[in-house]
Amino acid sequence: MFKVSKEFSFDMAHLLDGHDGKCQNLHGHTYKLQVEVQGELHASGAKKGMVIDFSDLKQIVKEQILTPMDHAFIYDETSERESQIARLLQDLNSKTFAMPTRTTAEEMARFIFQRLSEHLPISAIRLWETPTSFCEYRED
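Just so you know, we're using my numbering here: the sequence shown kicks off at 21 and counts up by one.
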């Protein structure tokens, strides 16, 4: 079994409604995302010797994660306060992205894993919220 990874970067704004620290305020991060996939090598054809073509991996992550989430206000659609901010931003033609959970690094890593696993053999997601703080999610 082989594992290969590709890293990406994207920017988003969020807040954590009800948090007891400064993250209760609107702020942004430059996230680093590492997507790890696993599998056996293709035995023949154009992809022979590869688990996945890195350009195919890049395209799927771009479509499913980067395009909808980069430079967006990401919000917890179950929070009335965050949803109200999102509606205001939408009225001002600003990009938003709703999640069904709180927008912590942990919940975002799980969300990204589950969303990408519909398209890729994901083995792990690592999401850096800052250069020194990251979350890893895997389902094993």
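Here a beta-carbon is modelled for each residue, glycine too, at the ideal position from N, C-alpha and C.
Predicted, not measured: the structure shown is a model, and the values here were computed from it.
### Task
Using alpha carbons as the reference points, say which of Thr121, Glu102, Glu126 lies closest to Ser153.
Glu126
### Message
For the beta strand (DSSP E) containing Gln54, name the first residue and the last one.
### Response
47-59
### Query
Who are Arg146's beta bridge partners in DSSP?
Gln54, Glu156
#### Entry: Cα-Cα separation, Asp96 to Phe28
23 Å
### Message
According to DSSP, simplified to helix, strand and coil, what is Met70?
### Response
coil
### Message
Whole angstroms are fine: how far does the CA of Leu46 sit from the CA of Lys68?
### Response
47 Å
#### Entry: Proximity below 8 Å, CB of Phe117 to CB of Ala33
no
#### Entry: Contact between the stretch 98-109 and the stretch 57-77 (3+ Cβ pairs under 8 Å)
no
### Start-to-end residues for the alpha helix (DSSP H) that takes in Ala129
125-137
### Task
Compare the C-alpha of Ser99 against each of Gln44, Asp160, Phe22 and name the closest.
Gln44
### Query
Roughly how far, in whole angstroms, is the beta-carbon of Leu136 from the beta-carbon of Val71, given that I think they are within contact range, below 8 Å?
In fact, because the Cβ distance is near 15 Å, the residues do not count as touching under 8 Å.
### Query
Distance, Cα to Cα, Arg122 vs Pro88?
17 Å
#### Entry: Where Met21 falls, given that 16 or more other Cβ within 10 Å makes a residue buried
exposed
### Reduced DSSP category for Glu97 - H, G, I as helix; E, B as strand; rest coil
coil
### Minimum C-alpha distance to Asp73 - residue among Asp160, Ser143, Val24
Val24
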